[in-house]
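J.: Let me give you the structure first, and then I'll get to my questions.
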Amino acid sequence: MMSERYLNAGVLIALLIVPIWAHLADAPYTITLATRVAILALAAVGLNIALGLGGLVSLGHAVFFGIGGYAMGVLAHHAQTYTALDLGIFTVDGTKSMPIIWLVAVGTSAVAAVIIGALSLRTSGVYFIMITLAFGQMFYYFAISWSTYGGEDGLSIYLRNDFPGLNTLIPIQFFAICFAVLSLVLLLQAGVSRSAFGLALNAARQAPTRVEAVGLNPKRLQFVAFILSATITGLAGALFADLNRFVSPSMFSWQFSGEIMVFVILGGVGRLCGPVVGAAVFVLLEHVLGGLTEFWHIYLGLILLIIVQFARGGIVGLLATDRGQHG
Amino acid sequence: MSTVLIIEQILNGLQFGVMLFLMAAGLTLIFGVMGLINLAHGSFYMIGAFAAAAVAALTGSFVLALVAALIAAALAGALVEMTVIRRLYATDHLDQVLATFALILVFSEGTRWIFGSFPLFLDIPEFLSGPITLPGGIAYPLYRLALIIVGLLVAVFLWALIEKTRLGIQIRAGENDREMIAALGVDISRLYTMVFALGAALAGLAGALVGAIQSVQVGMGEPVLILAFVVIVIGGIGSIKGAFIGALLVGLTDTLGGIFLPEVFKLFMEHSAATTIGSSLASMAIYILMSAVLILRPTGLFGASQ
Amino acid sequence: MADPILETRGLSKSFGALKASDDISMTLKPGEIHALIGPNGAGKSTLIQQISGALQPDAGTIALMGQDVTGHSMQARAKAGLARTFQISNLVMKDTVLQNVMLGALGASGRVWRFFSPILSNQSLLDVAEHALERVGLHDHRDRRTDELSHGQRRQLEVAIALTLKPKAFVMDEPMAGLGADGSKRLTGFLDTLRNEAPILLVEHDMDAVFALADRISVLVYGRIIATGSVYDIRANPDVRAAYLGDEA
Numbered sequence: 001m002m003s004e005r006y007l008n009a010g011v012l013i014a015l016l017i018v019p020i021w022a023h024l025a026d027a028p029y030t031i032t033l034a035t036r037v038a039i040l041a042l043a044a045v046g047l048n049i050a051l052g053l054g055g056l057v058s059l060g061h062a063v064f065f066g067i068g069g070y071a072m073g074v075l076a077h078h079a080q081t082y083t084a085l086d087l088g089i090f091t092v093d094g095t096k097s098m099p100i101i102w103l104v105a106v107g108t109s110a111v112a113a114v115i116i117g118a119l120s121l122r123t124s125g126v127y128f129i130m131i132t133l134a135f136g137q138m139f140y141y142f143a144i145s146w147s148t149y150g151g152e153d154g155l156s157i158y159l160r161n162d163f164p165g166l167n168t169l170i171p172i173q174f175f176a177i178c179f180a181v182l183s184l185v186l187l188l189q190a191g192v193s194r195s196a197f198g199l200a201l202n203a204a205r206q207a208p209t210r211v212e213a214v215g216l217n218p219k220r221l222q223f224v225a226f227i228l229s230a231t232i233t234g235l236a237g238a239l240f241a242d243l244n245r246f247v248s249p250s251m252f253s254w255q256f257s258g259e260i261m262v263f264v265i266l267g268g269v270g271r272l273c274g275p276v277v278g279a280a281v282f283v284l285l286e287h288v289l290g291g292l293t294e295f296w297h298i299y300l301g302l303i304l305l306i307i308v309q310f311a312r313g314g315i316v317g318l319l320a321t322d323r324g325q326h327g
Numbered sequence: 328m329s330t331v332l333i334i335e336q337i338l339n340g341l342q343f344g345v346m347l348f349l350m351a352a353g354l355t356l357i358f359g360v361m362g363l364i365n366l367a368h369g370s371f372y373m374i375g376a377f378a379a380a381a382v383a384a385l386t387g388s389f390v391l392a393l394v395a396a397l398i399a400a401a402l403a404g405a406l407v408e409m410t411v412i413r414r415l416y417a418t419d420h421l422d423q424v425l426a427t428f429a430l431i432l433v434f435s436e437g438t439r440w441i442f443g444s445f446p447l448f449l450d451i452p453e454f455l456s457g458p459i460t461l462p463g464g465i466a467y468p469l470y471r472l473a474l475i476i477v478g479l480l481v482a483v484f485l486w487a488l489i490e491k492t493r494l495g496i497q498i499r500a501g502e503n504d505r506e507m508i509a510a511l512g513v514d515i516s517r518l519y520t521m522v523f524a525l526g527a528a529l530a531g532l533a534g535a536l537v538g539a540i541q542s543v544q545v546g547m548g549e550p551v552l553i554l555a556f557v558v559i560v561i562g563g564i565g566s567i568k569g570a571f572i573g574a575l576l577v578g579l580t581d582t583l584g585g586i587f588l589p590e591v592f593k594l595f596m597e598h599s600a601a602t603t604i605g606s607s608l609a610s611m612a613i614y615i616l617m618s619a620v621l622i623l624r625p626t627g628l629f630g631a632s633q
Numbered sequence: 634m635a636d637p638i639l640e641t642r643g644l645s646k647s648f649g650a651l652k653a654s655d656d657i658s659m660t661l662k663p664g665e666i667h668a669l670i671g672p673n674g675a676g677k678s679t680l681i682q683q684i685s686g687a688l689q690p691d692a693g694t695i696a697l698m699g700q701d702v703t704g705h706s707m708q709a710r711a712k713a714g715l716a717r718t719f720q721i722s723n724l725v726m727k728d729t730v731l732q733n734v735m736l737g738a739l740g741a742s743g744r745v746w747r748f749f750s751p752i753l754s755n756q757s758l759l760d761v762a763e764h765a766l767e768r769v770g771l772h773d774h775r776d777r778r779t780d781e782l783s784h785g786q787r788r789q790l791e792v793a794i795a796l797t798l799k800p801k802a803f804v805m806d807e808p809m810a811g812l813g814a815d816g817s818k819r820l821t822g823f824l825d826t827l828r829n830e831a832p833i834l835l836v837e838h839d840m841d842a843v844f845a846l847a848d849r850i851s852v853l854v855y856g857r858i859i860a861t862g863s864v865y866d867i868r869a870n871p872d873v874r875a876a877y878l879g880d881e882a
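Protein chains in written order, with my numbering: chain Z, 1 to 327; chain D, 328 to 633; chain X, 634 to 882.
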């Protein structure tokens, strides 16, 4: 048992040390695994803002992950084939620059979140869950039918995109980028949860009528949280596409929405580093159990059932001495 | 486009709709009575299909296959209710989502473990195969027509069950006031197990019936589950009538949209672009319908307004 | 005669066959405490909910400072200067006491769209919040988690949040409930001075407090106001005695 602050520091240091060791020991696969953890964690950090801070049980966050992925795929595809991207009123060239791709991923995710959020937040509770799940499926089928960009087969990008001053093809350098983005976002989230908005959002989740009674609109607070949350998951999607140099409709799948939620709950809902712990444990389980049996999802399912029964606060909740906002 | 084709597509839409109704009815009952969101409902659909395929392969009898599907899904439902679901009634939706998501993993991978990754096939029985000529000279597959009839019969059965029987009274009481049915001396945990098993059996029946016109494979249940959610959002949660109307709307919109939207776009667009845009839009049609309902009536067409 | 701060006209609300509010017209004037009493099930809560915006009336109007607010949300009414305390404490239970009052101060300031500067180092909001805690006597508990507070302390926190809103009118739903004799006495003394800042519409079961505080009393029975008047009038009113006080006085 330790204070959550030290636990958070420990988690991030561990996530940093493992790939550095792997780099020195020349084990690039381990670096790739760590990069995967960092990116999946980032996606879950996004969801945690909607779910943990805003109380919005979104089962459609794969939408934003997929949008981020396709932002990368589409832009890089046009850059790679030297074709212009026709946006109806004007055309633009593709790009191989990560920062620009990120900007587009964040922007398009935000637009999608405004539309989905405005519709879904007309309801609450179990409706919200079903609607976000349904919109996820809509994007999934849309990606499948979008033959310009590979349809069901997805889209391969042969070279990883560029980041100024770094060689992204070297695993440890790409890891560094992902880790830096993750750390920065966590820092921002820590700031936001202590801000005026964070206080009001936290109250909107726990006692919406109280928030109304002091003259604030809880739904509007949640709406903004939903958009913030979506942009972060979208950014993670762009990085994930770059890690695999491949995008496909499966980034939009309901299974992935469920998995991001599993990362958050496994680690600890509302805990700053809960998603990081959850994603790391998930990738480890996938690696270890997946090596033992083809049917490792059965064991994952059983572990999750045990968590629901006995460890409501997730792993961080078990380890940290601080009481969480959900405990 | 001919009248025959239009009528054929309308019938296809109805057939799809009534199968969605079997899924949505169980989901909405379970939510109405127990307040539970069950993501694992698609697993019962899959279990029904696999049980039917296995029994049909063994005995060659389609009727026995359907009976097996009903029994297997109901048993799986009752078992899951008594071991896992029962502990979730008092918890929040997030726990329910996580636990039932975990159940999907267990059921899907368990089925893959037993039956392997290759799809199974369930044949349409002899006495229902081939086309039938409808009034007006339209040839339509007899089996699909039978699905529509079975779906409508189940709808009537559910209506009678809820409106006319003792169990129905208990279910309606349970939707309104849990304490009241306890006060009436009803064994709540038995009632809940029965409602859950009933919902599971309906899903299993749908899986077996649809399994004969599609392949039976792991993961077949979840896309149908999500469509059933769309049905419930449109129809209003907890309402069987809403589930019925919503299911038919979704079935018709999806089927007719896929056929007609590309044609509509061809009226003012170049041929191949119209096909691309039309079919992309058609894949989104039911979600657009759902959005429209959300804007006009956030609690669904037949949901209790707030 | 000063214009009323809060006024309802012909407010009616039915649930099925039950008329919970039946043509209710009443006012809250500057500087007064107007107590609303009546037996259980008389429709006090329904009336409070319509005034605060949690329920829409079937007919009738509600005006705040002469402005019609009938169709407005609870949030809009709070912004317009109506502060409400809840019958069942409605607090952010897993936050600290200070965070709860800060929420009120934040709502009153309207500056909620600030994403980075830590709110607990915003001195002007902090001053408002701490002052409110001092006034209700909760300052020593400011860093405790709200779910650790006693029932009575939670009632005090409800009042403190209402204070941070610097409202034009208070609507208090049974603030004395569960306070105990000492607590009620202290709160009675406090409300007595508070009326000079803003008038109070007070729903209360504690008759000692009502008789000690109220400038006017309205008696609600079966959704209708059967009498309004001074403490003396109400005590002497035979209808009231028969309908309500009869079994208590």
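Positions of the beta carbon are idealized from the N, C-alpha and C atoms, including for glycine. Note that the structure is predicted; figures quoted are calculated from it, not measured.
1. Have a look at Z:182, Z:62, Z:51 and Z:24 and flag the residue whose alpha-carbon is nearest the alpha-carbon of residue 223 of chain Z.
2. Go through its chain and collect everything with a Cβ distance to residue 681 of chain X's Cβ below 7 Å, but skip five positions before and after it.
3. Kindly indicate if chain Z contains any beta-carbon less than 8 Å away from that of residue 350 of chain D.
4. In or out: residue 750 of chain X buried (at least 16 other Cβ within 10 Å) or exposed?
5. Would you say residue 138 of chain Z faces chain D, with C-beta separation under 8 Å as the test?
6. Is there a Cβ of chain X sitting closer than 8 Å to that of residue 214 of chain Z, yes or no?
7. Give, in chain order, every unbroken run of the alpha helix (DSSP H) that is at least 4 residues long and sits entirely within the segment 821-866 of chain X.
8. Any beta carbon of chain Z sitting closer than 8 Å to that of residue 707 of chain X?
9. Do you know offhand how far residue 776 of chain X's Cα is from residue 736 of chain X's?
10. Going by DSSP, what residue range makes up the beta strand (DSSP E) through residue 703 of chain X?
11. Evaluate contact between the segment 594-609 of chain D and the segment 651-666 of chain X, counting only Cβ atoms and requiring at least three cross-stretch pairs below 8 Å.
12. Which residues, in chain order, does the segment 194-223 of chain Z contribute to contact with chain X at a C-beta distance below 8 Å?
13. With H, G and I counted as helix, E and B as strand and the rest as coil, what does DSSP make of residue 633 of chain D?
14. Give every residue of the same chain whose Cβ lies closer than 7 Å to the Cβ of residue 228 of chain Z, excluding the five residues on either side of it in the sequence, and list them in chain order.
15. Does residue 301 of chain Z come within less than 8 Å of chain D when only Cβ atoms are used?
16. Taking residue 850 of chain X as the query, report the chain Z residues whose CB atoms sit under 8 Å from its CB, ordered along the chain.
17. When the cut-off is 8 Å and only beta carbons count, does residue 130 of chain Z lie next to chain D?
18. Tell me whether the beta-carbon of residue 7 of chain Z lies closer than 8 Å to the beta-carbon of residue 732 of chain X.
19. Secondary structure at residue 652 of chain X, three-state DSSP: helix, strand or coil?
20. Skipping 5 residues on each side, what residues in its chain have a beta carbon closer than 8 Å to that of residue 469 of chain D?
21. Would you report the Cα separation of residue 501 of chain D and residue 414 of chain D, rounded to the nearest angstrom?
22. Entirely within the segment 758-818 of chain X and at least 4 residues each: give me those alpha helix (DSSP H) ranges in chain order.
23. Cβ closer than 9 Å: which chain X residues qualify as neighbours of residue 314 of chain Z?
24. Out of D:439, D:475, D:423 and D:376, which has the shortest C-alpha to C-alpha gap to residue 579 of chain D?
25. Any idea what DSSP makes of residue 677 of chain X, helix, strand or coil?
26. Taking its Cβ as the centre, do 16 or more other Cβ atoms sit within 10 Å of residue 690 of chain X, making it buried, or is it exposed?
27. Measure from the C-beta of residue 60 of chain Z to each C-beta in chain X and report whether the shortest distance is under 8 Å.
28. Per DSSP, what are the beta-bridge partners of residue 639 of chain X in this structure?
29. Going by DSSP in three states, residue 568 of chain D sits in which element: helix, strand or coil?
30. With 8 Å as the limit, tell me which residues of the segment 260-283 of chain Z have their beta carbon closer than that to any beta carbon of chain D; keep them in chain order.
31. Could you list which residues in chain Z have their beta carbon closer than 7 Å to that of residue 747 of chain X, in chain order?
32. Count the other CB atoms within 10 Å of the CB of residue 86 of chain Z; is the residue buried (16 or more) or exposed (fewer)?
33. How would you label residue 673 of chain X, buried or exposed, when you count the other beta carbons within 10 angstroms and need 16 or more for buried?
34. At a CB distance below 7 Å, what residues from the segment 223-237 of chain Z approach chain D? Give them in sequence order.
35. Cβ closer than 7 Å: which chain Z residues qualify as neighbours of residue 751 of chain X?
36. Take residue 451 of chain D as the anchor and find which of D:461, D:331 and D:392 has the nearest alpha-carbon.
T.: Let me lay it out:
1. Sequence index remark: in the first sequence, residue 223 of chain Z carries index 223 (1-based). Closest by alpha carbon: Z:51.
2. Residue mapping note: residue 681 of chain X aligns to position 48 of the third sequence, counting from 1. These residues qualify, in order along the chain: 804, 806 and 836.
3. Working through the second sequence from its first residue, we reach residue 350 of chain D at position 23. So, not an interface residue.
4. By 1-based counting over the third sequence, the position of residue 750 of chain X is 117. It counts as exposed.
5. Within the first sequence, numbered from 1, the residue matching residue 138 of chain Z stands at position 138. For residue 138 of chain Z, the answer is yes, since a Cβ of chain D falls inside 8 Å of its Cβ.
6. Numbered from its first residue, the first sequence carries residue 214 of chain Z at position 214. Yes, residue 214 of chain Z counts as interfacial toward chain X.
7. 840-846
8. On the third sequence, position 74 is the one that residue 707 of chain X refers to. Residue 707 of chain X counts as touching chain Z.
9. Within the third sequence, numbered from 1, the residue matching residue 776 of chain X stands at position 143. Within the third sequence, numbered from 1, the residue matching residue 736 of chain X stands at position 103. Using only the alpha carbons, I get a separation of about 14 Å.
10. Counted from its first residue, the third sequence places residue 703 of chain X at position 70. Careful: residue 703 of chain X lies outside any beta strand (DSSP E) and carries neither H nor E.
11. no
12. 194, 195, 196, 197, 198, 199, 200, 202, 203, 206, 207, 209, 210, 211, 212, 213, 214, 215, 216, 217 and 221
13. One-based indexing of the second sequence puts residue 633 of chain D at position 306. Model confidence at residue 633 of chain D stands at a pLDDT of 45, short of 50, so the residue's coordinates are unreliable and nothing is read from them.
14. Residue mapping note: residue 228 of chain Z aligns to position 228 of the first sequence, counting from 1. Cβ within range, chain order: 49.
15. Residue 301 of chain Z sits at position 301 when you count from the first residue of the first sequence. Closer than 8 Å: yes.
16. Mapped onto the third sequence, residue 850 of chain X falls at position 217. Going along chain Z, no residue has its Cβ under 8 Å from residue 850 of chain X, so there is no contact; the nearest lies around 25 Å.
17. Along the first sequence, one-based indexing puts residue 130 of chain Z at 130. Yes, contact with chain D.
18. Taking the first sequence and counting its residues from 1, one reaches residue 7 of chain Z at position 7. Taking the third sequence and counting its residues from 1, one reaches residue 732 of chain X at position 99. Result no, Cβ atoms of residue 7 of chain Z and residue 732 of chain X do not sit closer than 8 Å.
19. Along the third sequence, one-based indexing puts residue 652 of chain X at 19. Looking at residue 652 of chain X - three-state DSSP - the assignment turns out to be strand.
20. The residue given as residue 469 of chain D occupies position 142 in the second sequence. 455, 456, 457, 458 and 459, listed in sequence order.
21. Taking the first residue of the second sequence as position 1, residue 501 of chain D is located at position 174. Taking the first residue of the second sequence as position 1, residue 414 of chain D is located at position 87. For residue 501 of chain D and residue 414 of chain D, the distance between alpha carbons rounds to 18 Å.
22. 784-797
23. Reading the first sequence from its first residue, position 314 is the one you call residue 314 of chain Z. Correct list: empty, because the minimum Cβ distance to chain X is about 16 Å.
24. Position 252 of the second sequence, counting from 1, holds the residue named residue 579 of chain D. Minimum Cα distance to residue 579 of chain D is reached at D:475.
25. Along the third sequence, one-based indexing puts residue 677 of chain X at 44. Reduced to three states, the DSSP call for residue 677 of chain X is helix.
26. Counting from 1 along the third sequence, the entry for residue 690 of chain X is found at position 57. Residue 690 of chain X comes out buried.
27. As a first step, residue 60 of chain Z must be located in the first sequence, where it is residue number 60. No, its Cβ sits nowhere closer than 8 Å to a Cβ of chain X.
28. Within the third sequence, numbered from 1, the residue matching residue 639 of chain X stands at position 6. Residue 639 of chain X is bridged to X:661 and X:697.
29. Working through the second sequence from its first residue, we reach residue 568 of chain D at position 241. The answer is helix: DSSP assigns residue 568 of chain D an H, G or I state.
30. 261, 262, 265 and 269
31. Here residue 747 of chain X is taken as the residue at index 114 of the third sequence, counted from 1. Those are 195, 196 and 197, listed as they occur along chain Z.
32. Walking along the first sequence from the start, residue 86 of chain Z turns up at place 86. Exposed, since its Cβ has fewer than 16 Cβ neighbours within 10 Å.
33. Translated into positions along the third sequence, residue 673 of chain X becomes position 40. Residue 673 of chain X is exposed by the Cβ-count criterion.
34. none
35. For the purposes of this step, residue 751 of chain X is identified with residue 118 of the third sequence, where counting begins at 1. What residue 751 of chain X touches in chain Z: 194 and 195.
36. As a working note, residue 451 of chain D is residue 124 in the second sequence. The shortest C-alpha separation from residue 451 of chain D is found at D:392.
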